[in-house]
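**Q** Okay, here's the structure, questions in a sec.
Protein chains in written order, with the numbering used here: chain A, 1 to 169; chain B, 1 to 365.
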């Protein structure tokens, strides 16, 4: 456990991130479904580098993602501020395409933006993902600058520019 | 009654005399019917029957008969002969079983190939997914160390970390190229008329515009149209023109020319440059996967471009060959049939892959 910050001192960003990630029913703007720990860290680095995405919830498999989005208890609260699901395809337990299918099949989440973020460049995965209603499909670049840039731009677009139904103010 | 009848039935002449011969066939009614039709129509030709030997063995025969008459046209009797066709039947049977065996073998091989294909697919999938992820971590975290702790490292430390990053990125490029190569074997080709001149000029304009600081003269003669998959043929031009641009980098003023003409039932195209060229002694290595004739620090690349190009052309039933001399430029020619057979392009990937592996690494067939 990290030591509690001195109240007057600025809270280090690493600490903020840890707290939002470990709290199960905190509001989230972005749900990251990613089983690879290194990829998850790099993705969150990139998203946070924009300064716009603060409330990221990270889950490591499809079953956990479905429980969070469609489960009985915390789902309604968790969905409140959610603007984007970043979904890896090859996941333990329930794979990404199945998660996407179930999200689209449920009245409460059928319009939720889902962007597939994966290593797979297989044509069949692309076709399946779009068939199932993915909003976008991004292949993770190996090259670090390209990866950071793609993810940061993606975060900015979906968090800031994209308009969702029911959010007109 | 003759000796052959005795042989065929296994009965002594005495036992045959006075018996209805029709009874020696497996189907006496049909035998009798054939005998009657001789009288009605004057003859019967190649009527198939089966004779039964007393031992129980059967002999397939073709029954031929005709009547003979006197000068007044009255029927005096019947000439009849049953020809033993056991051998013919046996050969037919053998032929049938050989065909069936061949069919089964083709079926078996097809299944094997399908299986190999599926394995290749699974392999390509796992390469694209599983091998890229750790590389991303190597590059990503090296980058992070440089960014966050860069000021705590001296220049040599930063250089070493950069070497790690460069190599991770290069391996990523190699994996991507290998995947492109493998995907090409599985992709369905679309055969349609392709304006090769527009394709070559478009590709060249795009590639040359990316070299704004260089002086390149690009010449394109009239190119005949071809039949094939436009997206893949564009890849051929992009590889060949891209190579010409890359390998003429050392020239203050590079000249690249493209030409083509119809030759018999094929079209032949040519891309020529005045660049670094190559030694013809290594010409057989030009089209191998990951084979390179230049050092990495002279010319960057993974050595997949020409292998990919050759594979595209092979799938179009075309050919590619190159000429060059060190520091004397290179010419690459490729040919495409005017009337390609789309069925021949549907070769299984495994076969294609085997064809491109060095002989020693081919799977035993």
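Note that beta-carbon positions come from the ideal geometry of N, C-alpha and C, so glycine has one too.
Extract the residue ranges of the alpha helix (DSSP H) inside the region 64 to 95 of chain A, only unbroken runs of 4 or more that lie entirely within it.
**A** DSSP runs (the alpha helix (DSSP H)) wholly in the region 64 to 95 of chain A: 75 to 79.
**Q** On the premise that residue 47 of chain B lies in contact with residue 63 of chain B, defined as a C-beta separation below 8 Å, what is that separation, rounded to the nearest angstrom?
**A** 4 Å between Cβ atoms; contact.
**Q** Pick out whichever of A:122, A:127 and A:126 has its Cα sitting closest to the Cα of residue 126 of chain B.
**A** Selected option, being the one with the closest Cα: A:122.
**Q** Pull out every residue of the region 38 to 49 of chain A whose Cβ sits closer than 9 Å to any Cβ of chain B, in chain order.
**A** The residues in question are 38, 39, 41, 42 and 45.
**Q** Could you give the first and the last residue of the continuous alpha helix (DSSP H) run that contains residue 239 of chain B?
**A** Unbroken alpha helix (DSSP H) run through residue 239 of chain B: 230 to 247.
**Q** Relative to the C-alpha of residue 165 of chain A, which candidate in A:110, A:156 and A:56 has its C-alpha closest?
**A** Of the candidates A:110, A:156 and A:56, the one whose C-alpha sits nearest the C-alpha of residue 165 of chain A is A:110.
**Q** Of all the options A:130, A:98 and A:79, which has the alpha carbon lying nearest to the alpha carbon of residue 112 of chain A?
**A** Out of A:130, A:98 and A:79, A:79 has the C-alpha closest to the C-alpha of residue 112 of chain A.
**Q** Any beta carbon from chain B within less than 8 Å of residue 16 of chain A's own beta carbon?
**A** Reliability of the predicted coordinates at residue 16 of chain A is poor, the pLDDT of 45 falling under 50, and no value is obtained from them.
**Q** Exposed or buried, residue 142 of chain B, counting other C-beta atoms within 10 Å across all chains shown (16 or more means buried)?
**A** By the neighbour-count rule (16 or more Cβ atoms within 10 Å), residue 142 of chain B is buried.
**Q** So if I threshold CB-CB distances at 9 Å, which residues from the region 88 to 104 of chain A count as touching chain B?
**A** From the region 88 to 104 of chain A, only 89 and 90 have a Cβ closer than 9 Å to chain B.
**Q** With 16 other CB atoms within 10 Å as the buried threshold, where does residue 196 of chain B fall?
**A** The residue is buried, with at least 16 neighbouring Cβ atoms inside 10 Å.
**Q** Just to confirm the assignment, what range does the beta strand (DSSP E) spanning residue 108 of chain A have?
**A** Run containing residue 108 of chain A: none; DSSP gives neither H nor E here.
**Q** Is the Cβ of residue 121 of chain A closer than 8 Å to any Cβ of chain B?
**A** With 8 Å as the cut-off, residue 121 of chain A counts as an interface residue toward chain B.
**Q** Using a Cβ cut-off of 7 Å, pull out every chain B residue sitting near residue 115 of chain A, in sequence order please.
**A** Here the premise fails: no neighbours, minimum Cβ distance about 17 Å.
**Q** Would residue 133 of chain B pass as a contact of residue 36 of chain A if the rule is Cβ separation under 8 Å?
**A** Yes.
**Q** For residue 66 of chain B, list the residues DSSP reports as bridge partners.
**A** Per DSSP, B:43 and B:79.
**Q** Which residue's Cα is closest to the Cα of residue 95 of chain A: A:129, A:84 and A:108?
**A** The residue with the shortest Cα to Cα distance from residue 95 of chain A is A:129.
**Q** How far does the alpha helix (DSSP H) with residue 85 of chain B in it extend, from its first residue to its last?
**A** It is not in any alpha helix (DSSP H) - residue 85 of chain B carries neither H nor E in the DSSP assignment.
**Q** How about residue 163 of chain A: is its C-beta nearer than 8 Å to some C-beta of chain B?
**A** It does not; no Cβ of chain B falls within 8 Å.
**Q** Could you check if residue 81 of chain B is buried or exposed, using at least 16 other CB atoms within 10 Å of its CB as the buried criterion?
**A** Answer is exposed; the Cβ neighbour count stays below 16.
**Q** Please list, in chain order, the chain A residues whose beta carbon lies closer than 9 Å to that of residue 169 of chain B.
**A** Here the neighbours are 142, 143 and 144.
**Q** Judging by CA-CA distance, which residue of B:60, B:70, B:31 and B:284 is the nearest neighbour of residue 90 of chain B?
**A** Checked all of B:60, B:70, B:31 and B:284; the closest Cα to residue 90 of chain B is B:60.
**Q** Taking residue 319 of chain B as part of the beta strand (DSSP E), name the residues at either end of that continuous run.
**A** First-last of the beta strand (DSSP E) with residue 319 of chain B: 319 to 324.
**Q** Give a single yes or no on whether residue 314 of chain B has its beta carbon closer than 7 Å to a heavy atom of the ligand NAD.
**A** The ligand NAD is absent from the structure shown, which contains no ligands of any kind.
**Q** With a CB to CB cut of under 8 Å and the five nearest residues on each side skipped, what residues in its chain are close to residue 101 of chain A?
**A** 132, listed in sequence order.
**Q** At what residues does the alpha helix (DSSP H) containing residue 336 of chain B begin and finish?
**A** Premise fails: residue 336 of chain B lies in the beta strand (DSSP E), 330 to 337, not in any alpha helix (DSSP H).
**Q** Is there at least one Cβ from chain B nearer than 8 Å to residue 36 of chain A's Cβ?
**A** For residue 36 of chain A, the answer is yes, since a Cβ of chain B falls inside 8 Å of its Cβ.
**Q** Could you name each continuous beta strand (DSSP E) segment of 3 residues or more that falls completely within the region 143 to 218 of chain B, going from the start of the chain to the end?
**A** The region 143 to 218 of chain B contains these whole beta strand (DSSP E) runs: 192 to 194.
**Q** May I ask you to verify whether the region 217 to 226 of chain B touches the region 251 to 268 of chain B, counting CB pairs closer than 8 Å and requiring at least 3?
**A** Contact between the region 217 to 226 of chain B and the region 251 to 268 of chain B is present, because at least three Cβ pairs lie under 8 Å.
**Q** For residue 312 of chain B and residue 333 of chain B, which I take to be in contact (beta-carbon distance under 8 Å), what is that distance rounded to the nearest angstrom?
**A** Contact flag wrong, Cβ pair sits at about 15 Å.
**Q** My parser needs the alpha helix (DSSP H) runs of 4 or more residues fully inside the region 130 to 166 of chain A; what are they?
**A** For the region 130 to 166 of chain A, whole alpha helix (DSSP H) runs of length 4 or above, ordered along the chain, are 144 to 156.
**Q** Could you pull out every residue in the same chain whose Cβ sits closer than 6 Å to the Cβ of residue 8 of chain A, ignoring the five residues on either side in sequence?
**A** Its pLDDT being 45, under 50, residue 8 of chain A is placed unreliably in this model, and the coordinates cannot settle the point.
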